[in-house]
Each structure stands twice: as C-alpha cells, then as structure tokens.
Amino acid sequence: MSVGATDLAILAAYIAGTIALGILLGRRAPSAEQYTLGGREQSWLLILLSIVATETSTVTFLSIPGFAYGRDLTWLQIAFGFLIGRVIVAHLLLPLFFSGAFVTAYEVLNARFGGVVQRAASVLFVSTRTLADGLRLYLTAIVVQEMTGWPLAVAVTVAGVAAVLYTWYGGLRAVLWTDAAQFAIYVAGALAALWILVERAPGGVGGILDRAAAAGKLRVFDLSLDLSEPYALLAGLVGGIFITLGSHGVDQMMVQRYLSARSLGDARRALVASGFVVVVQFALFLFLGLALWSFYTDHPPATAFDRSDRVFVRYILDQLPVGLVGLLLGAIFAAGLSGSLNSCAATAARDLWRPFVGAGASDQRELAVTRAMTVAFGAAQIAVAIGGRWLEASVIEAVLGIAGFTSGIVLGIFFLGMFARRVGQRAAMIGLIAGFAGMTTIYFASDLAWPWYPLAGSAMTFAAGWAASFIWRRQPALVS
Numbered sequence: 008m009s010v011g012a013t014d015l016a017i018l019a020a021y022i023a024g025t026i027a028l029g030i031l032l033g034r035r036a037p038s039a040e041q042y043t044l045g046g047r048e049q050s051w052l053l054i055l056l057s058i059v060a061t062e063t064s065t066v067t068f069l070s071i072p073g074f075a076y077g078r079d080l081t082w083l084q085i086a087f088g089f090l091i092g093r094v095i096v097a098h099l100l101l102p103l104f105f106s107g108a109f110v111t112a113y114e115v116l117n118a119r120f121g122g123v124v125q126r127a128a129s130v131l132f133v134s135t136r137t138l139a140d141g142l143r144l145y146l147t148a149i150v151v152q153e154m155t156g157w158p159l160a161v162a163v164t165v166a167g168v169a170a171v172l173y174t175w176y177g178g179l180r181a182v183l184w185t186d187a188a189q190f191a192i193y194v195a196g197a198l199a200a201l202w203i204l205v206e207r208a209p210g211g212v213g214g215i216l217d218r219a220a221a222a223g224k225l226r227v228f229d230l231s232l233d234l235s236e237p238y239a240l241l242a243g244l245v246g247g248i249f250i251t252l253g254s255h256g257v258d259q260m261m262v263q264r265y266l267s268a269r270s271l272g273d274a275r276r277a278l279v280a281s282g283f284v285v286v287v288q289f290a291l292f293l294f295l296g297l298a299l300w301s302f303y304t305d306h307p308p309a310t311a312f313d314r315s316d317r318v319f320v321r322y323i324l325d326q327l328p329v330g331l332v333g334l335l336l337g338a339i340f341a342a343g344l345s346g347s348l349n350s351c352a353a354t355a356a357r358d359l360w361r362p363f364v365g366a367g368a369s370d371q372r373e374l375a376v377t378r379a380m381t382v383a384f385g386a387a388q389i390a391v392a393i394g395g396r397w398l399e400a401s402v403i404e405a406v407l408g409i410a411g412f413t414s415g416i417v418l419g420i421f422f423l424g425m426f427a428r429r430v431g432q433r434a435a436m437i438g439l440i441a442g443f444a445g446m447t448t449i450y451f452a453s454d455l456a457w458p459w460y461p462l463a464g465s466a467m468t469f470a471a472g473w474a475a476s477f478i479w480r481r482q483p484a485l486v487s
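Here the numbering used here is used: the first residue of the sequence shown is 8, the next is one more, and so on.
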C-alpha cells in the first residue's frame, strides 16, 4: 500500500534536511584531511553515536526484530561478543592508528610491510564494503518501495542518491552529524512503535513475555557445539569477538571515525561505551520482534510474510497512525543511508590513487578525487542493491557473512605485523592470498556458520604468512 501525503512529506523533509546538513558542513572542509577526518577534532560522544548508528543499518532495524519474530533472543549472544571485542580493540589495536599521522587503517600496513600489502588490504575493504552496504541499501529500498509502489530500481536510486549527496558535500563531519541524527530518529521511532504494540497487547509487557516464554522464544543462550549453528553461545561470544576485531579494529569505516577524535583516550571512550549501547539496542529491537510476534498471533496478516525482514515495515504501514508512519519510515530510511561512502572514497584516494600519481597528489587534487570516488562508490552500491532481490538468505546473515569473509584476512595481516616480526612483505602477501583462498573454500564448500569467518580467516592468514617467513625472511619494507 502507498502512504499518505503527510507521511511522505515528513520523510521528504528528513531527506532534504540531511542533504542541507551536508551542504552546510561541507563549507568547512577546505582540505582533503578536513574532508576525510573532520580536522581530528570531533567529540567522543559524537563519535560514539556515529559508531552505533553506522552498525545499526536498516539491516539491524528490520532484520533483528524479524529474527525474534521468527525465532528467539539468541542474537544477544553475538551482542555480548561485540562488547568484549570492543574492549580488546580499544587496548590492542587503537594505539597503532594513533602512532603516526595516518588517514586510513591500511597506511599502518604500508609502514610495516610496504605499499603492496597496503593496497591489497584496501582493495579487500572497498570491495566487500560496497557489497555489504549495497545490501543494506536494498533493505532501505524495500521500505521506499512499500510506501510508494515504485519499482525496486527506482526506490534504490532515490535512497542511494540521497546518501551520495550529503556525503559528497559534507565529508566525514556531515556523516558524523547525520549519524547522530539518525540514532535519535531510529531509537525514537522504535520506542514509539513498541509503545503502541505494548498498549495493544493483552497484559502489556508482562503478557508479551508470558506468551513468548510459553512458546520458547525467551531463550538467550544456546549451548549447542554445532559449528554450523551461528546462534550458539560459543559462536556468539568467540565469533562476536572476532567479528568486532575485524569490523571495528581494522575496517576503515570505523577506524576513520576513531582518527577524527581529539585523542587516543577519546577514541577509546567512544568505542567501549558504544558496546554497552549496542547491547541495550539489540535487546530493544529483539523485544520489539517479540511484541510483533504477539500482535500477529492475535491478528494474522491477510497475506503471509514472505520473509521476516518485512514484518516490521508491514506493521508500520498497516497499523500505525498518520504522522508516526512518517517518523518510522524516516527512521528506517535514516538507518539505511550508507556511512561508508566517505570511507571507501578516502581509502581509494589515499591508498590506491595517491601512491600511483606520486608527486602529482596535491591536497586539492586529492580532495577532488575523493569526492569523485564518493559518487563512484555510491553508483556501485546502487547496482549491488538492485541485485539484492535475488538474495535468498536473511539479509543480515548475508551482510555479516560478506563482511566476515575478508575482515578476518585483513585482521590476520595486522596480527602478522604485530606478533610475527620475522614476517616481511612477501610472506605477508602469501598469507593474504592463502587466507583468501581458504575463506573462498569455507564460504562456498562448507557449513561453517558466519560468526566463525573472521576467526578462520585471521588464523589461516597468520599461519600461512608465518610459515612463509621461514622461506622468505623479512626484508626492509618497500614503502611505495
């Protein structure tokens, strides 16, 4: 069904405000570093909100309630792993990025192994980030499609162009402030929807919990040792830790946010505190899913849901009053706007283009290239999103599986640099290639659950690189 003019006007106002914010903040980005790092003067609280909003995409906003709707609360096991992983990242990896005037995470690898390893890691980042965030954009487009009746390709393009515009104009400062606004909007929207669900539920919160308990949906811990089960306790904790080591420890999208902080201490404060916020947030979204399950048990939909990702958005469109629908749609749209465009553009310009042109890489030229790359990566994500319709798995599993595929490989390279001093550039590249080959085999020819991917990838990369170092001893890094 299409929504009314009032709700569409609320959503349009949000989109226009986001773009206007980007234009306003873009006036204060006279250099490439200002554009990509916000002058290294951003507050820890703003960075905290951006970290949480960045990982709380439309995937989280729609798929996590859908998970509890169709299953239980075992997703919280992974959230606990996320929290532990943040503490490790804050003390193990963050000091690396503040040890020099780095702009990207992969410049650390250049200093240790040379430009070849740096560029290989950068290519892995921009390719997998484009795939993962393209699928996030696909979920956002589902919302736009539901509310307007537009073809999916048109809905994807509208959402994608909005993300490109505010990022192109404002750079990282626009991304950080837009993330903060998105956090406020989607939390307010989720709470408003939950309030109405609770008010309508027989017995309120207690009634929802009683019914969920009777149906076995309050289970938090799964003690299964099946490695193909992604929502078992061991996979959740250990897998969640290594997912975070990869996603928050060596992924440029997060590292860029840390580097915008005023100090290492501020970056640590933002990162660790974000872990507690994320656990509470996952609990909120999961309970929202239980409330949706309770509601639709009493009021079965006229047409069965073809996938759990659509449950929440259908409730919003069918059950909520005018005005609140616009707020919730704005919240979903906010969560889906990609915050990775600036990170991908900065990585491509700094790690791939700048070494290639050498002395021709003036600051103003780098700024222009970074902005051009923003448009290019926006177009690539739009293309991926249009192809999302053919995805059969849960979108959140697909996104996290893609991210885990390569984040573990890059994490293994960082571990080689930190813990295996004998490893040089050639051995590190062998480790990277071996890790990629191993993860390709695991991804396509095994039943290993996706939370194990970063651990498997980092272990294979580290082991292969360390073994290769006995053949090719470390040579001075060929920085280029």
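Note that CB positions come from ideal geometry on N, CA and C, so glycine has one too. Note that this is a predicted model, so its numbers are computed, not measured.
- One Cα belongs to A199, the other to I58, and the distance between them is close to 23 Å.
- For V257, the closest C-alpha among the options L103, L172 and D79 is that of L103.
- Inter-residue distance for A195 and L291 is about 11 Å (C-alpha atoms, whole angstroms).
- Counting C-beta pairs closer than 8 Å gives three or more between the segment 170 to 183 and the segment 252 to 272, which meets the contact rule.
- In the displayed model, A12 falls within a helix according to three-state DSSP.
- Positions of the alpha helix (DSSP H) runs, each at least 4 residues long and wholly inside the segment 51 to 117, are given as 51 to 62, 71 to 77, 82 to 99 and 101 to 104 in order along the chain.
- Contact check for G472 and I416: beta-carbon distance about 10 Å, past the 8 Å limit, so the pair fails to qualify.
- Every alpha helix (DSSP H) stretch that sits fully inside the segment 175 to 227 and reaches 4 residues is listed by chain position as 211 to 221.
- Between D186 and W51, the CB-CB gap reaches or exceeds 7 Å.
- By the criterion of a C-beta distance shorter than 8 Å, L455 is surrounded in its chain by L234, S235, I449 and A463, once the five residues flanking it on both sides are discounted.
- As the crow flies, the alpha-carbon of L90 is around 7 Å from that of V286.
- In this structure, Y145 is the residue among Y145, V171 and Y176 with its C-alpha nearest to the C-alpha of V163.
- Counting of Cβ neighbours within 10 angstroms places D79 among the buried residues, the total reaching 16 or more.
- For secondary structure counted as the alpha helix (DSSP H) over 4 or more consecutive residues, the segment 372 to 458 holds these complete runs in sequence order: 402 to 426 and 432 to 452.
- Between S465 and G419, the C-beta spacing is below 7 Å.
- Annotated three-state conformation of G464 is helix, per DSSP.
- The Cβ-Cβ distance between V96 and C351 does not fall below 7 Å.
- In the same chain as F422, and ignoring 5 residues on each side of it, the C-beta atoms closer than 7 Å to its own belong to S465 and F469, in chain order.
- Contact between A353 and V110 holds, since their C-beta atoms are separated by about 7 Å, short of 8 Å.
- Here DSSP, grouped into helix, strand and coil, assigns A268 to strand.
- The beta carbons of R433 and W479 sit closer together than 7 Å.
- With respect to the 7 Å criterion, V320 and L299 are not classified as neighbours on the basis of their beta carbons.
- Residue range V318 to Q326 is occupied by the alpha helix (DSSP H) that includes Q326.
- The beta carbon of N349 sits closer than 7 Å to the beta carbons of T43, T174, G178, L179, V182 and T381 from its chain, once the five residues preceding and following it are set aside; these are given in chain order.
- Taking a contact as a CB-CB distance under 8 Å, the pair L271 and L101 counts as one, their CB atoms being some 6 Å apart.
- In summary, T310 is exposed, with fewer than 16 beta-carbon neighbours lying within 10 Å of its beta-carbon over all protein chains present.
- When DSSP reads this structure, Q49 sits in a beta bridge with A268.
- Taken through DSSP and simplified to helix, strand or coil, G256 comes out as coil.
- Apart from the 5 residues on each side of it in sequence, A441 sits with its Cβ closer than 7 Å to the Cβ of M467, T468 and A471 in its chain, given in chain order.
- When the five nearest sequence neighbours on each side are left out, the beta carbons in the same chain lying within less than 8 Å of the beta carbon of V94 are those of V279 and G282, in order along the chain.
- Rounded to whole angstroms, the Cβ separation of A392 and L142 is 7 Å, and the two are in contact under 8 Å.
- A direct Cα-Cα distance of roughly 19 Å separates W459 from R136.
- DSSP places G24 in the helix class (H, G or I) of the three-state scheme.
- Within the model, the alpha-carbon separation for A379 versus A390 is close to 17 Å.
- Here G121 carries a strand assignment [DSSP, helix/strand/coil].
- In this chain, P307 is not harboured by any alpha helix (DSSP H), its DSSP state being neither H nor E.
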